[in-house]
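As structure tokens, the structure follows; a few thoughts come after it.
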Amino acid sequence: MTFLRNTWYVAMWGEDLGPAQIEQRVICGQPIAVFRQADGTVAAVADRCSHRFAPLSAGRVCGDRVECLYHGLQFAADGRCVVNPHGAGRITPQLHLRSYPVVERHTLLWIWLGEPEAADPALIPDFSHLDDGAPGIFSKRDWMVIDVDYRLMADNLLDLSHVNFLHDGLLGHPGMNDAEVEIREEIEVSGATTLYVTRTSRNVRPPHLFDLMYRNDQAPVDVWAEMRWNAPGYLRNHAGITQPGAAREEGLIVVGSHLLTPIDERRMMYHICAVQLGAVPPVADEEVAATLSRLRRFAFEEQDRPMVEAQQRAYDQAGGPDALKPVMLSIDAGPLRARRLLADLIGSEQVGVEAAATPVTITLS
Ligand code: FES
Ligand SMILES: [Fe+2]
Numbered sequence: 011m012t013f014l015r016n017t018w019y020v021a022m023w024g025e026d027l028g029p030a031q032i033e034q035r036v037i038c039g040q041p042i043a044v045f046r047q048a049d050g051t052v053a054a055v056a057d058r059c060s061h062r063f064a065p066l067s068a069g070r071v072c073g074d075r076v077e078c079l080y081h082g083l084q085f086a087a088d089g090r091c092v093v094n095p096h097g098a099g100r101i102t103p104q105l106h107l108r109s110y111p112v113v114e115r116h117t118l119l120w121i122w123l124g125e126p127e128a129a130d131p132a133l134i135p136d137f138s139h140l141d142d143g144a145p146g147i148f149s150k151r152d153w154m155v156i157d158v159d160y161r162l163m164a165d166n167l168l169d170l171s172h173v174n175f176l177h178d179g180l181l182g183h184p185g186m187n188d189a190e191v192e193i194r195e196e197i198e199v200s201g202a203t204t205l206y207v208t209r210t211s212r213n214v215r216p217p218h219l220f221d222l223m224y225r226n227d228q229a230p231v232d233v234w235a236e237m238r239w240n241a242p243g244y245l246r247n248h249a250g251i252t253q254p255g256a257a258r259e260e261g262l263i264v265v266g267s268h269l270l271t272p273i274d275e276r277r278m279m280y281h282i283c284a285v286q287l288g289a290v291p292p293v294a295d296e297e298v299a300a301t302l303s304r305l306r307r308f309a310f311e312e313q314d315r316p317m318v319e320a321q322q323r324a325y326d327q328a329g330g331p332d333a334l335k336p337v338m339l340s341i342d343a344g345p346l347r348a349r350r351l352l353a354d355l356i357g358s359e360q361v362g363v364e365a366a367a368t369p370v371t372i373t374l375s
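11 is the number of the first residue of the sequence shown in the working numbering; add one for each residue after it.
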């Protein structure tokens, strides 16, 4: 599998890298040592010492450099070897390491894998709802490693018809099957394409988990879920329920962030956080709040995760990501569009031409 190179990948939550801390992250098969310097800025260099390939992430941060644990070579944030404690201390260009541009934004650390001169922070998708001080009630900023091709997880998130089956009784129910689906693309100033896949159900029974956070009375509501996608795997789900016919802002709004970073072709990091917005106050009852968090975890850990990992095993058994050809249904229009956009971007990097991005609007019923 070929990965997109000229893009920002989420490495971790900023709060997970304390002062003078160094961590390894593998992104698109590349081991990277990420460390916080004395002045708080974050640097990233290849996590493979140029001497005998020890992982620098096993070493320590000394001010604005990192020292290899094995024989003590020191490297600056830009990857240059600056100290050789052996012999005459000679430093040759072969000792320098690759460094990666890093930006700390929206409480996340973003690493650029492509040509450094093309690393424009304006290309980072807008996750400002995660900023410190942004309005809303935040769930824990969480992350985990999942044994799947990150594109399978994007397929899952861009086709939320599955909530009516896989999460029946929790996040959806079959009464929401005939939702209106709108697929919309916007071309950003940067030239990047943002994809929106929106499902709306009117005057239906509320999904149980939303109802618990709303009025807990099973009275009919309008339900929406607007999933926004940016390459290579950044999704924001603006979802909620409100009184039939009422404005979204009058109801319960939950904005979910789903940040998918490929580790390799069949493993990914999943950074996740939910923010509650809208006119509805947060659940005050501690017991209900505990039930909510248990049910949320159950939906992902007992329902989504086993399903996508089982899909991955089916691909593995058949011989890899291209060994099976799924039969597409109408519900697959969103996931297909995202895969097409991503494949075009990757293809354009291969041949060195710009992707042909044509905005489309598809309405399915
Ligand atoms: S392996 Fe890093 S200094 Fe020897
Ligand atoms: Fe799901």
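Glycine is no exception: its CB is placed at the ideal position from the N, C-alpha and C atoms.
All of these numbers come straight from a predicted model, not from anything done at the bench.
- Val-71: member of the beta strand (DSSP E) spanning 70 to 72, first to last residue.
- Ranked by Cα distance from Ala-202, the first of Arg-277, Pro-131 and Met-338 is Pro-131.
- The residue from Tyr-280, Ile-156, Pro-230 and Asp-295 with its alpha-carbon nearest to that of Ser-211 is Pro-230.
- Contact between the region 141 to 155 and the region 185 to 193 is absent: fewer than 3 CB-CB pairs across the two stretches fall below 8 Å.
- Not one heavy atom of ligand 2 lies closer than 8 Å to the C-beta of Leu-219.
- Judged by their CB atoms, Tyr-19 and Ile-32 are not nearer to each other than the 9 Å cut-off.
- Across the structure, Asp-49 and Gln-84 are spaced so that their CA atoms are roughly 18 Å apart.
- Chain order is used for the residues whose beta-carbon lies nearer than 5 Å to a heavy atom of ligand 1, namely Cys-59, His-61, Arg-62, Ala-64, Cys-78, Tyr-80, His-81 and Leu-83.
- Contact holds between the region 207 to 223 and the region 173 to 184, because three or more Cβ pairs, one in each stretch, are under 8 Å apart.
- Taking 8 Å as the cut-off, one finds no heavy atom of ligand 2 near enough to the beta carbon of Asp-165.
- In summary, Cys-72 is exposed, with fewer than 16 beta-carbon neighbours lying within 10 Å of its beta-carbon over all protein chains present.
- Ligand 2 has a heavy atom closer than 8 Å to the beta-carbon of His-177.
- In this structure, the beta-carbon distance from Gly-124 to Glu-297 does not fall below 9 Å.
- Under the 8 Å Cβ criterion, the region 247 to 254 counts as touching the region 262 to 276, having at least three qualifying pairs.
- Comparing alpha-carbon positions, the option among Ala-86, Gly-82, Ile-156 and Tyr-110 lying closest to Gly-97 turns out to be Gly-82.
- Residue pairing by DSSP puts Gln-286 in a beta bridge opposite Ile-147 and Val-264.
- Sorting Leu-105, Arg-347 and Val-361 by C-alpha distance to the C-alpha of Leu-168 places Arg-347 at the top.
- Distance from the C-beta of Asp-314 to the nearest heavy atom of ligand 2 is below 8 Å.
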